[in-house]
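Numbering (my numbering), first residue to last: 640 to 861. Working notes, structure below.
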Amino acid sequence: MDLSPSILAADLTDLKASLNDLEGRVEYLHMDVMDGHFVPTLSFGELYTKLLKQHTDIPLDVHLMVSQPEKEVPKYFPLEPANITFHVEATDFGVRLAREIRKNGIKAGVSLNPATPLSSLDYLLDEIDLVLIMSVEPGFYGQSFIESSLSKIQRLRDLIGDRDITIEVDGGIDASNVGEILQAGARRIVAGSACFKGGDIPGNIARLRDAAAVSVDTKHVS
Ligand code: DX5
Ligand code: ZN
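Spelled out as structure tokens, the structure:
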């Protein structure tokens, strides 16, 4: 499991302390950029993301919940994130956008809302490095996991075949369901509340990792 904590759920007034706790414990930092248009809420953009980058070496996993991502995506190129993920619902130019991201040496990701069918990836799979399956409606942290996401992940795994594409899942993930999400085929797990709630970040992460390890064991037995 690659863990990508969603900064949105952290104490944004005391981020340096949170970053200290995350350092060495997680593979990515998930940046939820929300524009108040594609989703009802407004969070932060490229300036805040740039500021945060100055305080950490953890690779950035940028999730753009924005309309017209073709205007926003280039703003993140100078930040050299690990990937930039845009929503397929937000653009008619997915292939061009994915190619532009890759041309800048950054991995291209696309995200699907819970009600968006996998057929929206039909002409994209050979252009991208990552698919982010939303397991809640985007816009807020702390919502509960939508169960139908599990079969969606399994079907996506079959669709991907032997392409080198990471399956990332985002929303409502905690120690109680992370195992089945990994077993369904996810590799990267986004966790907001499950990482930050109560303030014990190292303890929260350890609980998630323990739960993930149990799922790997069961996989070997079955
Ligand atoms: C939802 C965001 C998620 C969210 C995850 O719009 O994309 O990344 O912050 O938070 P939890 O894990 O609390 O559902
Ligand atoms: Zn997200």
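A virtual CB, placed ideally from N, CA and C, is assigned to each residue, including glycine. On a predicted model such as this, the values are computed, not experimentally measured, just so you know.
Closest by C-alpha distance to Ser832, when choosing among Pro720, Met640, Leu798, Leu647
For the purposes of this step, residue 832 is taken as the residue at position 193 of the sequence shown. Answer by Cα proximity: Leu647.
Please work out which residues of its chain come closer than 7 Å, Cβ to Cβ, to Gly733, disregarding the five sequence neighbours upstream and downstream, and give them in chain order.
Stepping through the sequence shown from its first residue, residue 733 is reached at position 94. For Gly733, where only same-chain residues beyond five positions count, the Cβ hits under 7 Å are Val727, Val749, Leu763.
Restricting to Cα atoms, I'd like to know which of Glu739, Leu847, Asp813 is closest to Lys710.
If you number the sequence shown from 1, residue 710 lands on position 71. Selected option, being the one with the closest Cα: Glu739.
Using 7 Å as the cut-off, classify the Cβ of Ser815 as near or not near the heavy atoms of the ligand ZN, replying yes or no.
Locating residue 815 in the sequence shown gives position 176, where the first residue counts as 1. No.
In the DSSP assignment, the alpha helix (DSSP H) including Phe784 goes from what residue to what residue?
Translated into the one-based positions of the sequence shown, residue 784 becomes position 145. Per DSSP, Phe784 belongs to no alpha helix (DSSP H) and is neither H nor E.
Return the residue from the list Ala814, Arg826, Leu789 that minimises the CA-CA distance to Tyr667.
Locating residue 667 in the sequence shown gives position 28, counting from the first residue. Considering only alpha carbons, the answer is Arg826.
Assign Asn722 to buried or exposed, taking buried as 16 or more other Cβ atoms, counted over all protein chains shown, within 10 Å of its Cβ.
Residue mapping note: residue 722 aligns to position 83 of the sequence shown, counting from 1. When all chains shown are included, Asn722 counts as buried.
Helix, strand or coil for Ser750, going by three-state DSSP, please let me know.
If you number the sequence shown from 1, residue 750 lands on position 111. Residue state, collapsed to three classes: strand.
Which same chain residues end up closer than 8 Å to Asp587 when comparing Cβ atoms and leaving out the 5 residues on each side of it in sequence?
Within the shown structure, residues of the chain are numbered from 640 to 861, placing residue 587 beyond reach of any answer.
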